[in-house]
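Taking it in order: structure first as structure tokens, then the write-up.
Residue numbers (our numbering): 1329 to 1458.
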């Protein structure tokens, strides 16, 4: 508000094209790393119908340190559980499903340790008994 004088306006940095382009094509730059990570997330989402707006979503009952949703696409019979550790401390996740973390490729067999602020997207092959 101070710079623009308009309430609720976010005063954003004005970016120079050449500087921004150079940062994005320099693999070790912070901007390039962020862009690569976001692009990877978007590609994963595009490949899985459970992330479709048409998919059902259910908030999971988890300990306070964890937040999670179950996404299920009925037609494609695909389910993905998205779990976030919303604390800076390590947390143990117990979830009665087996699958694979889409972000790391690591198998998930019902329990794992989430680092502080870590996110996991568990892709399950078949709809679990709920």
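Note that the Cβ used here is the ideal one computed from N, Cα and C, for glycine as well.
Of the residues the options, the one placed nearest residue i, counting alpha carbons only
i, options, result
"residue 1434", "1446, 1450, 1398 and 1347", "1450"
"residue 1397", "1448, 1376, 1365 and 1340", "1448"
"residue 1437", "1393, 1420, 1338 and 1445", "1420"
"residue 1406", "1416, 1340, 1350 and 1427", "1427"
"residue 1431", "1402, 1423, 1442 and 1422", "1442"
"residue 1404", "1383, 1392 and 1417", "1383"
"residue 1453", "1343, 1445, 1402 and 1355", "1402"
"residue 1349", "1342, 1359 and 1340", "1359"
"residue 1392", "1369, 1416 and 1377", "1416"
Host beta strand (DSSP E) of residue i (start-end)
i, result
"residue 1386", "1384–1387"
"residue 1403", "Where residue 1403 is concerned, there is no enclosing beta strand (DSSP E), given that its DSSP letter is neither H nor E."
"residue 1451", "1447–1452"
Inter-residue spacing [alpha-carbon to alpha-carbon] between residue i and residue j
i, j, result
"residue 1347", "residue 1364", "17 Å"
"residue 1352", "residue 1381", "30 Å"
"residue 1440", "residue 1394", "12 Å"
"residue 1345", "residue 1375", "31 Å"
"residue 1444", "residue 1379", "24 Å"
"residue 1372", "residue 1418", "25 Å"
"residue 1356", "residue 1362", "10 Å"
"residue 1354", "residue 1424", "42 Å"
"residue 1342", "residue 1400", "40 Å"
Collapsed DSSP secondary structure at residue i in the structure displayed
i, result
"residue 1368", "helix"
"residue 1425", "coil"
"residue 1435", "strand"
"residue 1497", "This structure cannot speak to residue 1497, because the chain is shown only from 1329 to 1458."
The alpha helix (DSSP H) enclosing residue i, as first and last residue numbers
i, result
"residue 1349", "1345–1353"
Any chain B beta carbon closer than 8 Å to residue i
i, result
"residue 1439", "You won't find chain B in this structure, because it holds only one protein chain."
Given 8 Å, three or more beta-carbon pairs between the region 1380–1391 and the region 1400–1415: yes
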